[in-house]
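To keep things clear, I will list the structure first and then write my remarks on it.
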Amino acid sequence: MYADGDANISYFLRDAKAAGFHTYGGTQPKSGPMTDEERAERRTLIANNKAWASAEIVRREW
5 MYADGDANIS YFLRDAKAAG FHTYGGTQPK SGPMTDEERA ERRTLIANNK
55 AWASAEIVRR EW
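Quick note on numbering: the sequence shown equals residues 5 to 66 in this note's numbering.
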């Protein structure tokens, strides 16, 4: 109970899966092998992220 007299009730679930709840969306890992196009896109993304980090260091020194 709070100082103003209002009660705060919270409910919790110990085992969401057993209660029938499921998680959907981007939090689940993608399964299965990547296509050649997806692999190339991932390589490009990683290279761009590394270049961005390097450029940021140079900009800060400048």
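Using N, Cα and C, we set each Cβ at its ideal position, and we do this for glycine too.
Is Arg-46 helix, strand or coil by DSSP? helix
With DSSP run on the structure shown, which of helix, strand or coil describes Ser-14? coil
Per DSSP, what kind of secondary structure is Lys-21 in: helix, strand or coil? coil
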